[in-house]
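First comes the structure, then the notes that go with it.
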Amino acid sequence: MKNIIQTIFILLLTIQIVSAQNDDTKKADKHFNRLEFVDAIKDYEKLISKGKANAYVYKQLAVANYNISNTTESARYFKQYLKNTDDASAEDYFRYAQILLSNENYDEAKSAFKDFASKAPNDSRAKAFKSNPNFVQDLSGKEPNYNAQPMNLNSEYSDFGAYEYDTYLYFVTARNKSRRTYGWNDQPTTDIYKAENVAGTFKNEKMLKGDINSKFNEGTIVFSNDGKTAYFTRNDYVDGDYNKSEEGISKLKIYQAQKVGEEWKDIKALPFTSSEYSVSHPALSTDDSTLYFSSDMDGGYGQSDLYKVSINDDGSFGEPQNLGAMINTEGRESFPFIDSDGKLFFSSDGHLGLGGLDVFYTKNKDGSYVEPENLGAPINSSKDDFAFTYFNQVDRGYVSSNRGENPLNDNIYQVQLLKPLDETNFIVSVTNADTDEPLSNVDVNIYDDEDNQIASLKTNPKGEAKEIVISNLEYDIQANLDEYESVSKTVSAKGDAMEINLKLKPIKKIIEDREITFSNVLFDFDKATIRPEAAFELDKIVATLKKYPDLIIKIESHTDRRGPEIYNQNLSEARAQNTMKYLIEKGIDESRLSAEGKGESEPLNDCADGCTEEEHEQNRRSKFIIVE
12 MKNIIQTIFI LLLTIQIVSA QNDDTKKADK HFNRLEFVDA IKDYEKLISK
62 GKANAYVYKQ LAVANYNISN TTESARYFKQ YLKNTDDASA EDYFRYAQIL
112 LSNENYDEAK SAFKDFASKA PNDSRAKAFK SNPNFVQDLS GKEPNYNAQP
162 MNLNSEYSDF GAYEYDTYLY FVTARNKSRR TYGWNDQPTT DIYKAENVAG
212 TFKNEKMLKG DINSKFNEGT IVFSNDGKTA YFTRNDYVDG DYNKSEEGIS
262 KLKIYQAQKV GEEWKDIKAL PFTSSEYSVS HPALSTDDST LYFSSDMDGG
312 YGQSDLYKVS INDDGSFGEP QNLGAMINTE GRESFPFIDS DGKLFFSSDG
362 HLGLGGLDVF YTKNKDGSYV EPENLGAPIN SSKDDFAFTY FNQVDRGYVS
412 SNRGENPLND NIYQVQLLKP LDETNFIVSV TNADTDEPLS NVDVNIYDDE
462 DNQIASLKTN PKGEAKEIVI SNLEYDIQAN LDEYESVSKT VSAKGDAMEI
512 NLKLKPIKKI IEDREITFSN VLFDFDKATI RPEAAFELDK IVATLKKYPD
562 LIIKIESHTD RRGPEIYNQN LSEARAQNTM KYLIEKGIDE SRLSAEGKGE
612 SEPLNDCADG CTEEEHEQNR RSKFIIVE
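Structure (structure tokens):
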């Protein structure tokens, strides 16, 4: 049923082999082009029974069945189509793979994804698949963050898009039997209802009063903080005028309504909507200053993208801005929602998922969105999962899905948080670099990206230490043990758990090698000051020099190749002198030390054709060379 209010996707799915149309398909094509898929399927199947099937008919049947969520039949007809054509596009294989995922036919889905990736290697979805071809197993093994239970208010028709506000639950439903039947799936057109919270249970569902509901389809709704303004999705219809695009399809628009007494009045389409493209699924920022939505307007990345637009103090709107390639793919992104912590939730079939639409979330960090993460089961399933909302103040939320017995019916599931989304369990293992044996009683220190120490741990007899951190941030993890060189690693916290292995090299072996090199530990870019966690590294040098009083060392500091050569030379000399000063302050006699800045003269990576940040870090190093 959500497909009825997602007509923004239909044009791409209905691009056909025009030359294959003929008088035999004329009747079925007419139903298809009117989005009357139930009747179209009947007519195309009659052609098969008469021996008049071809690749065109099979594809039409595959798409029509997909649009009414009959994925079993859709997969069957897609398979026939691919057997009978030499012109299958990359998008055909992607859609086929998605349908096979919905049917939990994972081996064939993987094969279809491979075919898709070979035809469109530069597609972001293909790159994601190639980087993790076993993504289904990974997602299936993900520890649940939520539980999900179907709600009693679900009817025999489609119900979806739940949004809780001021003790009421607002949702979209096709239960109004007085509405005309929609040819898409032979269900009534959709309206917006609200249900009362009676002792913790939502019941007594009623249609919204006023002018929001019409004889056409209404979609998801959201309210301003003061409850006086509503934004909702509807077919392109207002004041008795029903509009269609040049292709003959009624697009979706977001409308604004004002509350007058107990009724919703003054219905207006938002100024950036159009009869030639769809704008749908509104969501508001916590301060009501930004409206998020989905659209297939020109200039996007795929079939539908997520956008935002500012709401000015006078009620006017700015220019819509695409949320960018980190979120949007060549596929479908829709149903945005912003929670009270500023996390963005949305549905997508372009990011790796369990099948159909999956729910993802992301956060804006320093002006950019971090890579979206799949919420996993039970929020997501092999079917379409969408319209996720979560209200932290009441500790509950909702997701819609057609995972039930009748795939034509969407149902609302109430969800509760089991464990926070923004946590990653670091599992740090420390081993001997020479023997791979686990090292116990190792000091493991974790620093955030501002050099603040957030954890001080010790490894257990298995050489492990664990700490839960906030996800999607960078951390420096350092391991220190007497008689071993200290080691650190910078990682970005992703997912529920991350395994991090640190290998410590015995100091005796270091002395035999006559040289110790530290990369990107002592200094940040363009700085000569000693970082707090770097003191542990230098303290190891101090301990070594005190243990071996005859050792004499030379300190060499190097920079990366960014910046003027003279500046880098001076910077490296300052780093070398500060390092020697630190050792002297710790009790090492100055006569045992010398220091030299090498600037950018001896890079490990010449960066002539450019360097990654990691390669720059390798250049930005310090050496402790044993002279005697």
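For the working numbering, count along the sequence shown from 1 and bump the result up by 11.
Glycine included, each C-beta is placed from N, C-alpha and C at the ideal position.
Asked                                                                                                                            : Found
DSSP three-state assignment for F437, whether helix, strand or coil                                                              : strand
Span of the alpha helix (DSSP H) around D54                                                                                      : F48 to S60
Neighbourhood of C642 by C-beta, 8 angstroms cutoff - its chain only, sequence neighbours within 5 removed                       : A question about residue 642 goes unanswered here, because the residues of the chain that appear run from 12 up to 639.
Close-in-space but distant-in-sequence residues of the same chain around D103 (CB under 6 angstroms, 5 per side omitted)         : none
Y559 classed as buried or exposed, judged by whether at least 16 other C-beta atoms fall within 10 angstroms                     : exposed
Alpha-carbon spacing of T470 relative to G387, whole angstroms                                                                   : 31 angstroms
Closest Cα partner of L582 within the set E607, D459 and E601                                                                    : E607
Counted within 10 angstroms of its Cβ, other Cβ atoms place N531 as buried (16 or more) or exposed                               : Caution is warranted here: a pLDDT of 38 is assigned to N531, below 50, making its placement in the model unreliable, and the coordinate value is therefore given only provisionally. Label assigned to N531: buried.
Alpha carbon of D237 to alpha carbon of V249, nearest angstrom                                                                   : 25 angstroms
Backbone CA spacing between L9 and L468 [nearest angstrom]                                                                       : Any property of residue 9 remains undetermined from this structure, which presents the chain solely from 12 to 639.
Option in H627, Y593, A86 and H569 with minimal Cα separation from K609                                                          : H569
Whether T244 touches T231 by CB criterion (8 angstroms)                                                                          : yes
Segment contact, 8 angstroms Cβ cut-off, at least three pairs: the stretch 205 to 222 with the stretch 428 to 444                : no
Burial state of P293 (16 or more Cβ within 10 Å)                                                                                 : buried
Secondary structure of F357, DSSP reduced to three states                                                                        : strand
Per DSSP, the bridge partner or partners of E584                                                                                 : Per DSSP, none; premise fails for E584.
Within 8 angstroms, strictly: CB atoms of V638 and I599                                                                          : no
Contacting residues, own chain, Cβ-Cβ under 7 angstroms from I110 (five flanking each side not counted)                          : Y77, T82, S85, A86 and F89
For I511 and T36, the rounded distance between their alpha carbons                                                               : 60 angstroms
Residue range of the unbroken beta strand (DSSP E) whose run includes F402                                                       : D396 to F402
DSSP beta-bridge partners of Q269                                                                                                : T240 and K276
E626 versus E576: straight-line alpha-carbon distance, rounded                                                                   : 18 angstroms
Residues that DSSP places opposite V502 in a beta bridge                                                                         : Y486
Nearest candidate by alpha-carbon position, reference G342, set E167, L368 and Q580                                              : L368
Per-residue DSSP class, three states only, for N385                                                                              : strand
Residues of its chain near F48, where Cβ-Cβ distance is below 6 angstroms and the 5 sequence neighbours each way are ignored     : A75, N78, I79 and W195
Among E485, S451 and P472, nearest to N463 - alpha-carbon criterion                                                              : E485
H292, DSSP secondary structure in three states                                                                                   : strand
Helix, strand or coil at S321 according to DSSP, with G and I counted as helix                                                   : strand
Boundaries (first-last residue) of the alpha helix (DSSP H) holding T82                                                          : T82 to K94
Secondary structure of L112, DSSP reduced to three states                                                                        : helix
Three-way DSSP call (helix, strand, coil) for A476 in this model                                                                 : strand
K609 - containing beta strand (DSSP E), residue span                                                                             : L604 to G610
Cut-off 8 angstroms between Cβ atoms - residues of its own chain near V233, not counting five sequence neighbours on either side : Y174, A241, Y242, F243, P293, A294 and L295
Per DSSP, the bridge partner or partners of M218                                                                                 : Y204
Within 8 angstroms, strictly: CB atoms of L164 and E216                                                                          : yes
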